[in-house]
Amino acid sequence: MIQTVSTTPFSDQKPGTSGLRKKVRVFAQPHYAENFIQSVFDSLDGFAGQTLVVGGDGRYLNRDVIQTVLKMAAANGFGRVLVGQGGILSTPAASHLIRASGAFGGLILSASHNPGGPDEDFGIKYNIGNGGPAPEKVTDAIAARSLVIDRYRIAEAADADIDSLGTCQIGDMVVEIVDPVAAYADLMASLFDFDAIRAMIAGGFTLAFDSMSAVTGPYAKEIFERRLGAPAGTVMNGTPLPDFGHHHPDPNLVHAKALYERMMAPDGPDFGAASDGDGDRNLIIGRHCYVTPSDSLAVLAANAHLAPGYAQGLKGIARSMPTSGAADRVAEKLGIPLCETPTGWKFFGNLLDAGMATICGEESAGTGSDHVREKDGIWAVLLWLNILAARKQSVADIMTEHWATYGRNYYARHDYESIVKDKADALMAALRGRLDSLPGTSNSGGAIQSADDFAYTDPTDQSVSRNQGVRILFADGSRVVFRLSGTGTEGATLRVYIERYVGPDGDLRMETAEALAPLIAAAQELADIRGFTGMDRPSVIT
Ligand code: VG1
Ligand code: CO
């Protein structure tokens with residue numbers, strides 16, 4: 005029995021950088037999730053009888069919303085839904101499943117690196133048939149629909165058993181519960197030299213992987229412990245919990261501090277890594293050697309040919325605008341194109357589909373390739389391990405050699421969290437108002453060469469995205485970038501990205517904070533962060 009339920013619109017359902025993210029209490033309002041899901045379906049064409057993929061990172065509400073999605077998908081005419089067993093699918097595994105099954109698209113239930121639990125965050129993201137996040141034309145259509153929606157369709161049916169592999173029916177629609185890990189692990193085995201990594205581990209190489217009580221636990225145990233032979237216990241916090249054990253599943257030096265301290269200990273492991281709530285981000289730390297995400301992208305691109313899946317070389321590299329230029333120097337040396345996109349993985353999909361890039365990355369600890377259409381935390385860790393096994397060097401030695409070859413992009417991101425939204429908007433408006441007058445002036449950071457608000461034209465479909473972040477470029481190649489986060493659920497977060505390049509002959513051994521001090525002062529002078537926000541220092545530095 006299909007019910008058509010009358011509803012009224014919510015005014016706050018415009019997807020952000022990566023889907024719709026809200027507090028659980030917002031999502032738990034009557035009709036809230038249903039309105040959004042129906043707005044997604046109403047924005048799509050031609051899915052009757054087709055396959056939809058559904059899964060999430062296991063956070064609070066995941067199981068409930070999966071049942072809602074199943075009943076609404078049946079009522080809206082999908083032919084089949086594939087669900088990860090237990091409702092679990094990491095974001096990259098969902099991307100792979102969409103591609104491998106020829107699905108029409110997928111709904112990924114996650115607020116990614118945001119905390120979970122009854123008082124924390126939930127999210128829903130729609131991915132298209134290439135396995136990647138819906139592009140802006142689709143998310144804009146969803147947002148527009150959400151503002152006028154007046155009904156949704158839902159099947160009256162019992163909850164499906166999502167914990168047992170196998171199939172069941174809701175009306176005419178087949179629900180298939182699939183193993184969330186196996187196909188993904190097979191894909192990884194097809195890209196990397198598992199024998200070499202296994203031999204390295206058997207030879208005494210030690211690693212630690214922190215799943216942060218989020219979705220990668222089952223994937224990491226299968227891949228690192230079972231298939232690659234790392235000892236039990238290599239994977240820490242390996243059981244997905246609805247509240248991530250009260251931790252913030254963001255793999256940075258603040259929230260993955262325990263791993264960092266272990267890696268800096270005298271007898272720490274050779275290699276440490278962590279992933280985020282939904283498994284698309286990665287943190288890489290060698291023994292006594294933290295690798296910034298922007299540097300990690302550059303090292304992975306420079307060495308990818310050492311892994312079987314990339315032996316034929318890269319077609320191109322893509323990075324988001326705020327990500328450091330370290331990858332640009334690798335692209336230059338390899339003689340391949342470098343694309344600069346706005347923040348968010350949805351901008352990489354077209355480039356990957358068109359064969360214009362093989363590897364992509366963001367400064368926010370996301371790296372991935374054309375094997376799926378999402379960033380992929382475990383993939384990045386495996387590529388690092390493959391490179392370490394092939395080069396037989398430590399992470400620290402690889403970084404030293406990399407900087408000696410390409411120079412070093414000193415880099416940091418300063419986040420100012422929980423700012424009152426109006427004040428954050430006023431800060432950005434003031435900055436934008438001064439863009440024309442800044443070039444030719446000087447401040448603590450040096451002489452400003454140019455200043456703009458980043459706009460991007462997609463080279464494959466010519467779609468234009470404006471207002472993607474204010475860039476202040478200095479004459480010596482240094483930069484300061486300002487933008488507001490599009491993934492938060494409370495107030496506003498100002499992100500300030502600071503970068504300074506030092507060539508191979510320069511001082512490559514500075515502390516990052518010291519190398520960036522003049523630019524950090526310049527950011528304060530340019531944006532009057534203290535004046536607008538009342539904050540003396542950032543909440544998080546990555
Ligand atoms: C942040 C990051 C961005 C990333 C996005 C989704 O967006 O800066 O690089 O793609 O999160 O990552 P924003 O708008 O808050 O800066 V995830 O792992 O939370 O899906
Ligand atoms: Co994520």
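In the numbering used here, the protein residues as written are 5 to 546. Note that the Cβ used here is the ideal one computed from N, Cα and C, for glycine as well.
The ligand VG1 never approaches glycine 91 closely enough for any of its heavy atoms to be under 8 Å from the residue's Cβ.
Each of Asp125, Met76 and Gly20 was checked against the Cα of asparagine 66, and the nearest Cα belongs to Asp125.
The bridge partners DSSP lists for tyrosine 460 are Ser469.
For glycine 490, the shortest separation between its Cβ and any heavy atom of the ligand CO does not lie below 8 Å.
Looking at the backbone, the Cα of glycine 135 and that of glycine 272 are separated by about 38 Å. In its chain, beyond the 5 residues on either side, His309 have a beta carbon closer than 7 Å to the beta carbon of alanine 315. Boundaries of the alpha helix (DSSP H) around isoleucine 402: 399-410.
For aspartate 465, the closest of Pro139, Gly290, Asp540 and Asp274 by C-alpha to C-alpha distance is Pro139. In the DSSP assignment, lysine 26 falls within the unbroken beta strand (DSSP E) covering 24-27.
Distances taken from the Cβ of tryptophan 349 to the heavy atoms of the ligand VG1 include one shorter than 8 Å. Ranked by Cα distance from methionine 268, the first of Lys427, His250 and Tyr294 is Tyr294. In this structure, aspartate 280 has its beta carbon less than 8 Å from a heavy atom of the ligand VG1. Taking a cut-off of 8 Å on C-beta distances, the stretch 295-303 does not touch the stretch 106-116, as fewer than three cross pairs fall below it.
Secondary structure note for leucine 338: its alpha helix (DSSP H) is the uninterrupted segment 330-338. Going by beta carbons, histidine 259 and methionine 216 fall inside the 9 Å limit.
For glutamine 71, the three-state secondary structure derived from DSSP is helix. Counting of Cβ neighbours within 10 angstroms places glutamine 33 among the exposed residues, the total staying below 16. The stretch 179-250 is shown to contain whole beta strand (DSSP E) runs of 3 or more residues at 211-214, in chain order. Judged by their CB atoms, arginine 155 and serine 10 are nearer to each other than the 9 Å cut-off.
Around the C-beta of proline 122, fewer than 16 other C-beta atoms lie within 10 Å, and the residue is accordingly described as exposed.
Threonine 546 has its CB no nearer than 8 Å to any heavy atom of the ligand CO. In this structure, serine 217 has its CB at a distance of at least 8 Å from all heavy atoms of the ligand CO. Under DSSP, glutamate 378 takes part in no beta bridge, so it has no partner. Inter-residue distance for glycine 510 and threonine 409 is about 12 Å (C-alpha atoms, whole angstroms).
In the DSSP secondary-structure assignment, serine 446 is bridged to Ala451.
The shortest C-alpha to C-alpha distance from alanine 393 to any of Ser279, Thr516 and Gly207 is the one to Gly207.
By the neighbour-count criterion, in which a residue is buried when 16 or more other Cβ atoms sit within 10 angstroms of its Cβ, serine 324 is buried.
About 23 Å separates the CB atoms of serine 298 and asparagine 471; that is not less than 8 Å, and the two are not in contact.
Relative to the ligand CO, the beta carbon of histidine 117 is positioned inside 8 Å of a heavy atom.
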